[in-house]
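Residue numbers (my numbering), protein chains in the order written: chain V, 1 to 190; chain B, 1001 to 1190.
From the three backbone atoms N, C-alpha and C, an ideal C-beta is built for every residue, glycine too.
Number of protein chains: 2
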Amino acid sequence: MATVTTRNGINVDQLVATIGAIQATPDVAKMTFKATTEWREGTHSIAKVGTFEHAGKTDTSRSAGQFELQGDEPPVLLGNNHGPNAVELCLAALGFCYAVGFVANAAAKGIELEDLTYEVEGDIDLHAFLGLKRSADRPGFTEIRVRGRVRAKNATREDLESLCQYVQDTSPVGDILAHPVPLKVDLDVA
Amino acid sequence: MATVTTRNGINVDQLVATIGAIQATPDVAKMTFKATTEWREGTHSIAKVGTFEHAGKTDTSRSAGQFELQGDEPPVLLGNNHGPNAVELCLAALGFCYAVGFVANAAAKGIELEDLTYEVEGDIDLHAFLGLKRSADRPGFTEIRVRGRVRAKNATREDLESLCQYVQDTSPVGDILAHPVPLKVDLDVA
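Laid out in structure tokens, this is it:
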């Protein structure tokens, strides 16, 4: 009888098989993800996330627009708190990304996790966003700080610190925050 | 009787007052936003977003952890689709950010919007995330493409294209994707 090796809730056999499939056919690693944002009123919009492209085909595990997110600003930024704002979503995304990386790589290394949290915060100055840019101002975060907390059954402090660094170095969201991404924008006027 | 100028659902009087307050006291522009991610199982985590710091004080318009987000991966990435993944959240955040910028600046300029959507997609290659890095690979998006669609009552195509460019240049999320942000990570081992 075949048994499935699951650790931290990660199917390690599938992880190993995925790595093997990409080594055999590099294009299996290519993904295109999507989100659509629709403005509602004032600072309130909704975003829909659903299907994505994987190795040139549309993944069928989700329906179109399966996940719906609310985005808004707090009153001090002219909104009504229907949801977190855009920069808060980026901080949450960084925590999600680090968590997935930590959990999956721990599973691959035989480390059994008990708890893992990431507290993420970022500083921003509104001058540039509001068109009041001074010489050194940028619109986005001037710094992002992360505090991870981890508890594992069978790993040393050094194991976990080394894994944390590895996760930082290979995190997709960490990468796109720490390094420039080419952004192309087109506008259709109806 | 005082009347409030609201356009596109944006309180234009409050927007003008906010700009004036920042011009008078630059530190009013300083914000620190936060998110906490807690791992659940496998690739599934939740993130909580609530209070934030504004001009050195904690904003009281939200309770702690008021907004809860689900983050997960699709089955092909070892998850169970409890929510969008981290990079999809970043794409949604970019759409939210562009929408807020467009709507608020349109309101300030007297442009009345009817519809506004942003479709955002990004290409990623999993080699680096999976530790299979080839020379040119990076963990995150190699390109992000955005298609905006806008309909307004009282603006020319040129007005809207100019506004779209201005929003790109002043978008906090656009900035942190297009330019490097300093990231500091600490780990507590329990």
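**Message:** Pairs of beta-carbons, one from the segment 1005-1025 of chain B and one from the segment 78-92 of chain V, closer than 8 angstroms: are there three or more?
**Reply:** yes
**Request:** Give the residues of chain B in contact with lysine 30 of chain V, contact being defined as C-beta atoms less than 9 angstroms apart.
**Result:** Asp1123, Ile1124, Asp1125 and Leu1126
**Request:** List the residues that DSSP assigns as beta-bridge partners of lysine 34 of chain V.
**Result:** B:Glu1121
**Request:** Buried or exposed for lysine 1190 of chain B, please, with buried defined as at least 16 other CB atoms from any protein chain shown within 10 angstroms of its CB.
**Result:** Going by the sequence as given, residue 1190 of chain B is alanine instead of lysine. It counts as exposed.
**Message:** For a cutoff of 9 angstroms on Cβ pairs, would you count lysine 34 of chain V as touching chain B?
**Reply:** yes
**Asked** Rounded to a whole number of angstroms, what is the C-alpha to C-alpha distance between leucine 1187 of chain B and glutamate 161 of chain V?
**Response** 7 angstroms
**Request:** Grab me the residues of leucine 1091 of chain B's own chain with a C-beta within less than 6 angstroms of its C-beta, minus the 5 sequence neighbours each way, in chain order.
**Result:** Val1120 and Gly1122
**Residue of V:Ala155, V:Leu132 and V:Val167 minimising C-alpha distance to alanine 1024 of chain B** = V:Leu132
**Request:** Indicate whether alanine 86 of chain V and alanine 1086 of chain B have their beta-carbon atoms separated by less than 9 angstroms.
**Result:** no
**Request:** Excluding the 5 residues preceding and the 5 following alanine 155 of chain V in the sequence, name in chain order all residues of the same chain whose CB lies nearer than 6 angstroms to its CB.
**Result:** Ile111
**CA-to-CA distance, phenylalanine 1129 of chain B to glutamate 114 of chain V, given in whole angstroms** = 23 angstroms
**Prompt:** What residue ranges within the segment 1039-1098 of chain B form continuous beta strand (DSSP E) runs of no fewer than 3 residues, ordered along the chain?
**Reply:** 1044-1049 and 1067-1071
**Prompt:** Given 8 angstroms as the limit, is there contact between the segment 1031-1043 of chain B and the segment 64-74 of chain V, that is, 3 or more CB pairs closer than that?
**Reply:** no
**Item:** Between the CA atoms of valine 1049 of chain B and asparagine 105 of chain V - distance to the nearest angstrom
**Value:** 26 angstroms
**Prompt:** Can you tell which of B:Pro1172, B:Lys1109, B:Val1150 and B:Arg1157 has the C-alpha that lies nearest to the C-alpha of isoleucine 1192 of chain B?
**Reply:** The displayed coordinates of chain B run from 1001 to 1190. Any statement about residue 1192 of chain B would go beyond what the structure contains.
**Request:** Can you tell me the Cβ-Cβ gap for alanine 1178 of chain B and leucine 163 of chain V, rounded? I've got them flagged as a contact below 8 angstroms.
**Result:** Not really, about 30 angstroms apart at Cβ, beyond 8 angstroms.
**Asked** Quick one: what's proline 1148 of chain B bridged to in DSSP?
**Response** Looking at the sequence itself, residue 1148 of chain B is glycine, so the reference to proline does not match. Its beta-bridge partners are V:Leu187 and B:Tyr1118.
**Asked** Which residues in chain V sit within 8 angstroms of serine 1061 of chain B, going by Cβ to Cβ distance?
**Response** Pro74, Pro75, Val76 and Asn81
**Message:** proline 180 of chain V and aspartate 1169 of chain B - do their beta-carbons sit closer together than 9 angstroms?
**Reply:** no
**Message:** So with CB distances below 7 angstroms, who are the chain B contacts of asparagine 11 of chain V?
**Reply:** Leu1078
**Message:** Short of 7 angstroms Cβ to Cβ, which residues in the segment 33-58 of chain V face chain B?
**Reply:** Phe33, Lys34, Ala35, Thr36, Thr37, Glu38, Trp39, Glu41, Gly42, Thr43, Ser45, Ala47, Val49 and His54
**Message:** Residues of chain B with CB closer than 9 angstroms to the CB of serine 171 of chain V, please, in chain order.
**Reply:** Ala1086, Phe1129, Pro1139 and Gly1140
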